[in-house]
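If you read the sequence shown in numbering that gives the first Met the number 0, its first letter stands for residue 0, the second for the next number, and so on.
Here a beta-carbon is modelled for each residue, glycine too, at the ideal position from N, C-alpha and C.
Just below is one structure, and these are the notes that go with it.
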Amino acid sequence: MASGATSAHKASQIVQLIDQVSTIIVGKRDQVTLSVICLLAGGHLLIEDVPGVGKTTLSQALARSLGLSFSRIQFTADLLPTDLIGVSVYERQKEAFVFHPGPVFAQVLLADEINRAGPRTQSALLEAMEERQVSVEGETRPLPSPFFVIATQNPSEQLGTHPLPESQLDRFAMRLSLGYPEPAAERALLTGEDKRLSLQQIRPLMSQTEWQQWQDRVSGIHVSDNLLDYLQALLTATRDGSWFAQGLSPRAGLSLLRLAKARALVLGRGHVSPEDIQALWVPAVAHRLMPLPQSGRSAAAQARVLLESTPVP
């Protein structure tokens, strides 16, 4: 099969994936597409929103559509690292300690209300997200592949929440919000079948091998020198001290570039365009940035103004 035909086939698979998940998460196709791009790029996703807008359903729909194992853990102030990664228990019959894996040993992990957990548990999750492994009693244990964290975060003004440290936020490739449904979509939810029942009808659209091969294709998307000039101009602008207290790290630049490659592949292109960077700029970088107080803008708004002020080479 020619490379162009292969790309078209892959793109059609991804469109089917987005279509299927969008039948569950009604009226949120843009957010579903961004979530798929994030997973395709091998990144982790942070959803900041109020309870009850479909965050858990989205993660379950993605996992089921890709045939991936799924687990959910509710983060609380008293959650311990062992509750997340597991613990070794002595079994008398075997006369040995046997490791009982925690919920982190899943291909899709929903970390619900992540900003209610304490620093020790955050640290355990940080290792899992960055290294795709966890350390238990001096032994390193690899996590399944692929490994994708969808974390939900309550608005900071809610009781019992704690700001995530910068090091944790930097490990999320993207942050987005689902928001309340549009009136027509909400009417369909109110009058239709319970979406939790619809989840049971979802079937995998591809094998895990196909999905991992598709992820591997992201690296082959072409990036021109002019595109790299544009990306570097944006990264440099965040660091000059006139927009933000602290600029984007090289990790953030690499993450944004891989997301842009994934978006190009989803759209059936073999190269990254400036539009890919522009479409992903705010969800990919705003959570990593803190605007200067005198700007009077949120991080997302400030990032958007910076983007509009930076010419395309």
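Have a look at Met0 and Asp48 and give me their C-alpha separation to the nearest angstrom. Model confidence at Met0 stands at a pLDDT of 39, short of 50, so the residue's coordinates are unreliable; what they give is reported in the following sentence. Their backbone Cα atoms lie some 43 Å apart in a straight line.
Quick check on Arg71: does DSSP put it in helix, strand or coil? Looking at Arg71 - three-state DSSP - the assignment turns out to be strand.
Is the stretch 71-82 close to the stretch 297-307, with three or more CB pairs under 8 Å? Three or more beta-carbon pairs separated by less than 8 Å are not found between the stretch 71-82 and the stretch 297-307, which leaves the two stretches without contact.
Could you check what DSSP says for Asp29 in three-state terms: helix, strand or coil? Helix at Asp29.
Please state the DSSP three-state secondary structure of Ser144. If DSSP states are grouped into helix, strand and coil, Ser144 belongs with coil.
For Tyr179, which of helix, strand or coil comes out of DSSP? In this structure, DSSP gives Tyr179 a state outside helix and strand, which the three-state scheme calls coil.
What are the start and end residues of the alpha helix (DSSP H) that includes Leu125? Looking at the DSSP string, the run of the alpha helix (DSSP H) that includes Leu125 is Pro118 to Glu130.
Please say whether Leu247 and Val281 have beta carbons closer to each other than 8 Å? Not closer than 8 Å, so no.
Exposed or buried, which one is Glu307 when buried takes at least 16 other CB atoms within 10 Å? It counts as exposed.
What does Met173 pair with, by DSSP beta-bridge criteria? Looking at the DSSP assignment, Met173 forms a beta bridge with Leu44.
Put Leu204 into one of helix, strand or coil per three-state DSSP. Leu204: coil per DSSP, three-state reduction.
Are the beta-carbon atoms of Leu16 and Ser34 separated by less than 8 Å? Not in contact: Leu16 and Ser34 (Cβ atoms no closer than 8 Å).
Please classify Pro80 as buried or exposed, where buried requires at least 16 neighbouring CB atoms within 10 angstroms. A residue is called buried once 16 or more other Cβ atoms fall within 10 Å of its Cβ, and Pro80 is buried on that count.
Reduced DSSP secondary structure (H/G/I, E/B, other) of Thr309: DSSP places Thr309 in coil when its eight states are reduced to three.
At which residues does the alpha helix (DSSP H) containing Ala105 begin and terminate? Counting along the chain, Ala105 falls outside any alpha helix (DSSP H), and DSSP gives it neither H nor E.
Tell me whether Tyr89 is buried or exposed, calling it buried when 16 or more other Cβ atoms sit within 10 Å of its Cβ. Exposed, because fewer than 16 other Cβ atoms sit within 10 Å of the Cβ of Tyr89.
Can you tell me where the beta strand (DSSP E) with Val222 in it begins and where it stops? Annotation: Val222 is outside any beta strand (DSSP E) and is labelled neither H nor E by DSSP.
Would you list the residues sitting across from Thr55 in a DSSP beta bridge? Within the DSSP bridge table, the entry for Thr55 names no partner.
Gly295 - DSSP class collapsed to helix/strand/coil: Of the three classes helix, strand and coil, the one that applies to Gly295 here is coil, per DSSP.
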